[in-house]
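Contents: one structure, followed by commentary.
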Amino acid sequence: MTHTEASMDALRQTGDELADAVVTTLFERGEVGKLNTLMRFVSTAGSPLPDGLPDVAREYLRATSAPPAWVDWGEMEKARLFFIDNNVHISTALSFASMPACYVVPHVAKLLSATHGLKYPSRRMAETGQFVVYLMRPGAFEAGSRFIPAVQKVRLLHASIRHHLKRENRWDTGVLGAPICQEDMIGGQMFFSLLVLDSLHRLGIHMSTEGAEAYYYAWRVVGAMLGVDQDAVPETLDDARRFLDMYMIRHMGPSPEGAHLTRQLVDLYEEVVPGTFFDPIVSALIRHLVGDTCADWLEVSRTPWDTVVRAVPHLLGVLETIEDRSPLGAWALDRLGHLTTILELSSLTRGRVMHYAIPEQLREEYGVPGAPPRTRRWTPPAATVSP
0 MTHTEASMDA
10 LRQTGDELAD
20 AVVTTLFERG
30 EVGKLNTLMR
40 FVSTAGSPLP
50 DGLPDVAREY
60 LRATSAPPAW
70 VDWGEMEKAR
80 LFFIDNNVHI
90 STALSFASMP
100 ACYVVPHVAK
110 LLSATHGLKY
120 PSRRMAETGQ
130 FVVYLMRPGA
140 FEAGSRFIPA
150 VQKVRLLHAS
160 IRHHLKRENR
170 WDTGVLGAPI
180 CQEDMIGGQM
190 FFSLLVLDSL
200 HRLGIHMSTE
210 GAEAYYYAWR
220 VVGAMLGVDQ
230 DAVPETLDDA
240 RRFLDMYMIR
250 HMGPSPEGAH
260 LTRQLVDLYE
270 EVVPGTFFDP
280 IVSALIRHLV
290 GDTCADWLEV
300 SRTPWDTVVR
310 AVPHLLGVLE
320 TIEDRSPLGA
330 WALDRLGHLT
340 TILELSSLTR
350 GRVMHYAIPE
360 QLREEYGVPG
370 APPRTRRWTP
380 PAATVSP
C-alpha cells in the first residue's frame, strides 16, 4: 500500500475496534478491578482461564489466543536466531534509539507522560524488555509460553488508555486523532523493528538481509496480534522506510514532555551503569543513534564521550571477527549477550514480573501537575529523514 497524507490522516482516526469494545464494556459493568485481579493468574498460553473472569474478557482471550493464520514459522525461527545473535545490540537499540524516537514525536511523548507513573521511570523499559524477551524465546506461540498472554494484556492496556483519555477530555481527538491510533501503532512497530535495524547498522553490526527481513517480519506478526490493521502495514523493508520517513516528517519535533521523558531515561540508565565515570556514555549513545537534531530536541547533553562512542563500531567489528572465526568464541559471546540482556532486564524489573494491568483511572501520579508533562550484508534503504 502506498501511503498518502490522506491515508495517514485516516489512520489517525481509528484505534482497535475489538479491544476498545471489550474495555468499554468492562468499565460500564464495573468489572475492571475484578479483571485485573484474575488476570494475574493468566500468565501462560493454554492454561485454563480462572473462574469468575468476566464473560466479555473470556471471549476476548479466546478470540486472541492464537497468532495469525498467515504466519510463516520458518521466518519466525530466523528472527529468533537473529535476536540470539544480536540480543545485546538489540537491547541497546531499543533503549537508546527506539525509546528516544518515541519521545521525539510530541503527541506520543504527551501520551506517555500522561499515562506512565513518573515515580517509576523503569516501568516502561521493563515492560518493553520483558515483552521482547518473551517474543524471542523458543516456543513463544505455544502452550506454556508467556508471550501470548502478554500481547493480550498490552492490547487491553492500550484500549484502556484510549478509553480514559477520551472520557476525561484529556486528549484533543479533533487535532491529534485517536490516542494510540493506527498510524501511531504502525509508527511504533517501525521504531521497534526498522529503527532497531538502522541502529545496528550504525553500530557497525554485520547483518544478513535475510536476518534483517525476518526480524522485521516478526514485528509484523506482533503488530497483527496487537490489533494493527495489516492492510495498512508496509510488507517490505523498503516500504517500511517510506512509511517511517513520512511518519516522522509529519510529526517529529521538540516538546517539553519529550525532553522530560528523555531525562528520566538517561537518569535511569546512569543508575544501572556501575559508578559514575561511565555515566556520560548513556547520553553519547542516544546522540549517536538518533542524530544531533533529535538529540538537541530531546535536550540530550553533549559530552566528551560523544567522540569515544564513534569508536564503538570498530570494537564491535573486532568482536564479530572473533565470533566468525571461532565457534567457541561465538558461543561465549552469545552467552555473554544473553546474560547481559537478562541482567539489564533484572535491574529494570527489580526481580518482578510486569503484569500490564488495566489502569482503573489515570491518577495524578501518572502525570506531574505543573511539570512538562553474515552472508550478504544488510544495508538500510536510503532514508529521506532519520529520527
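The opening position of the sequence shown corresponds to residue 0 in numbering that gives the first Met the number 0, with each subsequent residue numbered one higher. By construction, the Cβ of each residue, glycine as well, lies at the ideal position given by its N, Cα and C atoms.
For Ser-282, the closest C-alpha among the options Glu-270, Arg-301, Thr-292 is that of Arg-301. Taking a C-beta distance under 8 Å as the contact criterion, Phe-82 and Ile-89 qualify as a contact pair. Nearest to Phe-26 by alpha-carbon distance, out of Leu-156, Asp-295, Met-224, Pro-233, is Leu-156.
When the five nearest sequence neighbours on each side are left out, the beta carbons in the same chain lying within less than 6 Å of the beta carbon of Gly-186 are those of Tyr-246, in order along the chain. Taken atom to atom, the span from the alpha-carbon of Leu-34 to that of Leu-48 is near 12 Å.
Here the alpha carbons of Leu-196 and Arg-240 stand approximately 11 Å from one another.
Non-local C-beta neighbours of Val-21 in its own chain, meaning closer than 6 Å and more than five positions away in sequence, comprise Val-55, Tyr-59, ordered along the chain. By alpha-carbon distance to Gln-181, the top candidate from His-163, Ser-46, Asp-230, Thr-91 is Asp-230.
Judged by beta-carbon spacing, Arg-169 lies within the 8 Å limit of Ala-113, meaning their Cβ atoms are closer than that value. Rounded to the nearest whole angstrom, the C-alpha separation of His-162 and Pro-99 is 25 Å. Its Cα nearest to that of Ile-179, the residue Asp-228 stands out among Ile-204, Asp-228, Tyr-215. In the DSSP assignment, Leu-111 falls within the alpha helix (DSSP H) that extends over 105-114. Taking each of Glu-74, Ile-280, Leu-297, Val-299 in turn and checking the Cα distance to Thr-306, the smallest one comes out for Ile-280.
The Cβ-Cβ distance between Glu-141 and Ala-44 falls below 8 Å.
Excluding residues up to 5 positions away in sequence, Trp-296 lie with their Cβ nearer than 7 Å to the Cβ of Pro-253 in the same chain. The DSSP-derived three-state label of Thr-36 is helix. Closest in C-alpha terms to Asp-84, from the list Pro-66, Met-206, Arg-219, Gly-173, comes Met-206. Between the alpha carbons of Ala-258 and Arg-201 lies a distance of about 23 Å. Looking only at Leu-243, Met-251, Leu-111, the smallest Cα-Cα distance to Ile-160 is reached by Leu-111. The Cβ atoms of Gly-173 and Arg-11 lie no closer than 8 Å to each other. Following the DSSP letters along the chain, one finds His-287 inside the alpha helix (DSSP H) bounded by residues 279-289. Comparing C-alpha distances from Glu-16 to each of Leu-225, Phe-191, Thr-3, Leu-93 shows the shortest one belongs to Leu-225. Rounded to the nearest whole angstrom, the C-alpha separation of Asp-244 and Arg-28 is 42 Å. Judged by DSSP in its simplified three-state form, Gln-229 adopts coil rather than helix or strand. In its chain, beyond the 5 residues on either side, Arg-79, Phe-82 have a beta carbon closer than 6 Å to the beta carbon of Met-135. Per DSSP, the continuous alpha helix (DSSP H) segment holding Val-87 begins and ends at 72-92. The residue among Met-7, Ala-65, Val-103 with its C-alpha nearest the C-alpha of Gly-290 is Val-103. Counting C-beta atoms within 10 angstroms of its own C-beta, Glu-212 has 16 or more neighbours from the protein chains shown and is therefore classed as buried.
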